[in-house]
Structure formats: structure tokens, C-alpha cells
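For the sequence shown, the working numbering assigns the number 10 to the initial residue and increments by one for each residue that follows.
So the structure is just underneath, and the comments pick up after that.
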Amino acid sequence: MSEAPLVCGEPVVRTILLEEGCRKECQRKYMFYLPKAACGPNNSVGSSTTEAVGRLPLVFTIHCLGCSMQTFQFWSEVAEAYNFVWVNPEGLKHSFNAGGESCCGYALEQGIDDLGFLKGILSQVTGEYPSLLSSNYVYATGWSNGGYMVSYAAPLFRAIAPISGYHLDSVKLEERMITHEKPVSLFLHHSQDDPMVQMTGCCTDSTMPRCCCGISQHLDQCTSVEAHVSVWATNFNHCGSKTKVSYSVQDQVTCYTFEECGQNVNTTYCIYQNKKHFNRPSFEQAFPMTQGTADFFARDACSAPGGVWNGAQRTCACPSGASGTYCSERLLQEGKKERENSISPAPILMFLGLALVLVGSYYLVTTLFRRFRKGSLKRYSKVSTSDVELQQLEG
């Protein structure tokens with residue numbers, strides 16, 4: 010399968026052959042997008058361009074069960090507006106395996122390693138564009154099956170925004186996240202009247218509302234949205250137990266943010282009144298927080314090196330000494346400045362060595378001349394240049 014050439018500002022479908030640990034269906038595909046700002050005049054990502062632009066956020070979007078990567082194609086416009094590099098994976102037979110037991114479809118039934126798929130993409134694109142991308146600034150949002158997937162793969166990301174889907178097995182979630190040293194910011198979205206993924210959780214408890222598609226049939230106990238976010242906030246992001254209302258539109262949506270989290274860590278969940286599964290008439294039209302999600306990621310990327318995000322202008326104001334679209338070039342520029350202001354030790358050593366040789370030679374010649382005049386040349390047959398240099402250093 011031949012691939013279309015990469016053109017900045019245009020999404021292109023790429024293929025990847027997964028090798029390490031992959032047992033079946035190892036050739037996968039994903040949509041990839043580089044914003045126009047990342048390329049030079051010849052549509053190339055060169056050192057001069059990337060030095061001015063700096064490292065950009067890398068954002069994954071993961072589609073729902075029964076969907077395809079076309080569901081999120083509108084995100085190419087979002088990526089361009091926010092100068093994101095965008096990755097949009099395609100699930101096998103319209104599904105992703107989000108954890109081996111919970112969700113969903115063909116990928117779950119066949120035990121497809123979709124976590125390995127995401128890791129493979131991440132390794133490929135960061136390796137291909139090392140001056141533009143960093144594995145430390147990777148984000149993900151997913152809808153339904155995709156929400157499960159980004160929650161399960163959370164250790165790969167700096168922040169995630171699951172929509173109508175979250176990791177329902179709190180025990181396994183803790184097992185996965187407890188070994189991950191870094192916190193992962195959370196921006197979760199769920200509607201109270203979601204008939205497919207119940208806000209009270211999905212499990213086999215007959216007293217609880219049922220979820221669709223056989224989700225979490227192995228769980229005896231349901232984990233609600235609030236319980237899930239609380240575990241995430243306190244155990245992983247080390248937040249306090251109190252929340253505050255951070256955004257609200259009457260009879261539509263209320264967002265709650267946990268207080269006393271660590272620096273540059275945000276744990277927020279938004280509860281909607283009448284949005285069901287965000288699937289009518291389409292996800293793009295039904296989900297009202299696409300820009301809010303992009304802002305959440307952009308603000309995090311901007312604030313990490315000390316910048317201040319301006320959501321209205323979609324710009325990152327950098328602190329003194331920082332540069333780049335998201336102020337990511339601070340350390341690189343400081344390192345470059347230090348190199349420019351320092352003198353390489355090699356010329357200094359060469360100069361000192363030459364000086365010692367000249368001084369030693371002068372001392373040897375004058376000494377020999379004086380001794381020669383006294384008729385004592387024989388006494389100095391053992392004098393060497395190294396002896397003279399040593400005398401000079403000791404003197």
C-alpha cells in the first residue's frame with residue numbers, strides 16, 4: 010500500500026507495521042496531521058523551522074465502537090487552529106481493545122493489542138520528528154470506546170479527555186496507575202441520561218441500570234463517574250477531596266474541578282443534563298466542548314514551561330528566556346546561550362601547551378648557552394623539554 014506524501018496542513022493516512030509483541034493483525038493505519046506552522050517554505054520540517062516553532066503538543070483522538078477514524082476528521086481544523094500535531098488511529102473492525110475485559114467489540118474478543126498500537130504510533134512519530142515532538146507532551150481524547158481506550162492508556166499521556174466512556178474497573182485502574190510516577194490531568198465528560206454507558210457505571214449487578222454492548226460483564230460492582238474521578242484525583246493526581254464549580258451553564262452542564270492538586274495538574278469532570286451519548290445528530294455536532302478540550306490541552310502545554318495561555322487569541326505568552334509556540338525552547342535556548350558565552354577548553358589547553366613549550370625551549374637554550382660558555386656542556390646532556398616544563402609548572 011503506497012502512502013500519500015506528507016503535506017503540512019492536510020491530513021494523510023499512514024500505515025504502521027507493529028512488530029514488538031504483536032501476534033495478529035499487525036499492520037494498522039492512522040490519520041496524521043502536521044499544522045502549517047511546522048513546515049518551511051518547501052513543505053519541509055527543518056531545523057530552522059522547528060527552532061522557531063519549538064516542540065508542539067501531540068494529540069491523539071480515539072473513535073467509538075462502530076465508528077471509524079473519519080468520525081474525528083474534523084479535528085484537523087482544531088489541530089491547525091491550536092498548532093497541534095494530530096494522530097487519529099483506526100480501530101480494527103471499528104473497535105479498540107481497552108483493557109482486555111471491559112470494552113469493546115471485535116478488538117476485545119480477539120485480544121488485539123491496541124495499547125501496543127498506540128505505543129507504536131507514538132514511537133514512530135516522535136522518532137521521525139524529534140525536534141518537533143516530545144513524548145512528554147502527548148495528549149488524548151476519546152469518545153465512548155475511545156474514552157475507555159484513552160483511560161486505559163493514560164500512562165502514555167500528559168492529560169486525557171474521555172467522553173462517554175471511562176475505565177470501569179477501579180481495582181485494575183489503580184493497579185495500572187499506581188506504578189506510573191507522573192500524574193495525568195483529567196478532563197472527563199458524561200451526560201446524566203446516557204443510555205449506553207450509564208453514569209452509575211456498568212456491571213452485572215441486576216439492581217443497577219444496564220449498559221449497552223456487553224460492557225464490563227465481568228464486574229460485580231459498578232463504579233460511578235464520581236467515584237472514578239475521585240479515585241483519579243486523590244490517588245493519582247494527589248488532589249484534595251474538595252471540588253469547586255469551574256464552569257456552569259444552567260440546565261445544560263456543570264463542571265467540577267478538584268482543589269489542591271499538584272502544580273500543573275488539573276482534575277475536572279463535566280456533567281451534562283440532556284446530551285445522552287453525544288451521538289445525535291453526530292458526535293461533532295452533539296459534543297459542545299471540542300474547543301474546551303483543545304484549550305485544556307493547550308493550557309497545560311503552555312503552562313508546563315511557565316507560559317500563560319490566552320484562550321481567546323490561542324497564544325502562549327512565554328516567560329523571559331523562553332521561545333517557541335508553546336515556550337518549549339527555554340532549556341534549548343539557555344543551553345545554546347551558555348555554549349555561545351563559553352570558550353571551548355580545547356583552544357585554552359593548546360595555548361597553554363604551546364606557551365610551556367616556548368618558555369621551556371627559551372630556558373633550555375639560554376641555560377645551555379651560559380653553560381657552554383663555561384665549558385660545562387657535558388653536565389646538561391640529560392636535560393629534557395619535559396623537565397623544563399615541570400620546573401615551570403612547579404615554579
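The beta-carbon is built from N, C-alpha and C at its ideal position, and this holds for glycine as well.
- With a 10 Å radius around the Cβ and a threshold of 16 neighbouring Cβ atoms, SER200 comes out buried.
- DSSP places THR324 within a strand segment (E or B) once states are collapsed to three.
- In the DSSP assignment, PHE41 is bridged to VAL21 and VAL96.
- Along the length of the stretch 253-301, whole beta strand (DSSP E) runs at least 3 residues long occupy 262-267 and 276-281, reported in chain order.
- Following the DSSP letters along the chain, one finds THR80 in no alpha helix (DSSP H), marked with neither H nor E.
- Only exposed fits ALA326, as fewer than 16 other CB atoms lie within 10 angstroms of its CB.
- DSSP, reduced to helix, strand and coil, places PHE166 outside both helices and strands of the structure shown, so it counts as coil.
- The residue from ASP214, SER173, PHE245 and VAL240 with its alpha-carbon nearest to that of GLN230 is ASP214.
- Spatial neighbours of GLU293 in its own chain (CB-CB distance under 7 Å, excluding positions within 5 residues in sequence) are listed in chain order as PHE83.
- A Cβ-Cβ separation of about 7 Å places VAL206 in contact with SER153 under the 8 Å criterion.
- The three-state secondary structure of VAL54, taken from DSSP, is coil.
- By the Cβ rule, the stretch 233-251 counts as touching the stretch 259-268, because three or more pairs are nearer than 8 Å.
- ILE169 and THR216 have their C-alpha atoms some 31 Å from each other.
- Taking a C-beta distance under 8 Å as the contact criterion, LEU65 and VAL21 do not qualify as a contact pair.
- Within the same chain, and ignoring the five residues on either side of TYR146 in sequence, the residues whose Cβ sits closer than 7 Å to its Cβ are ARG64, PRO66, LEU67, ARG167 and ALA310.
- In this structure, the straight-line span from the alpha carbon of ASN244 to that of VAL16 is close to 43 Å.
- Within the DSSP bridge table, the entry for TRP84 names no partner.
- Shown here, THR70 sits in a strand according to DSSP, grouped into three states.
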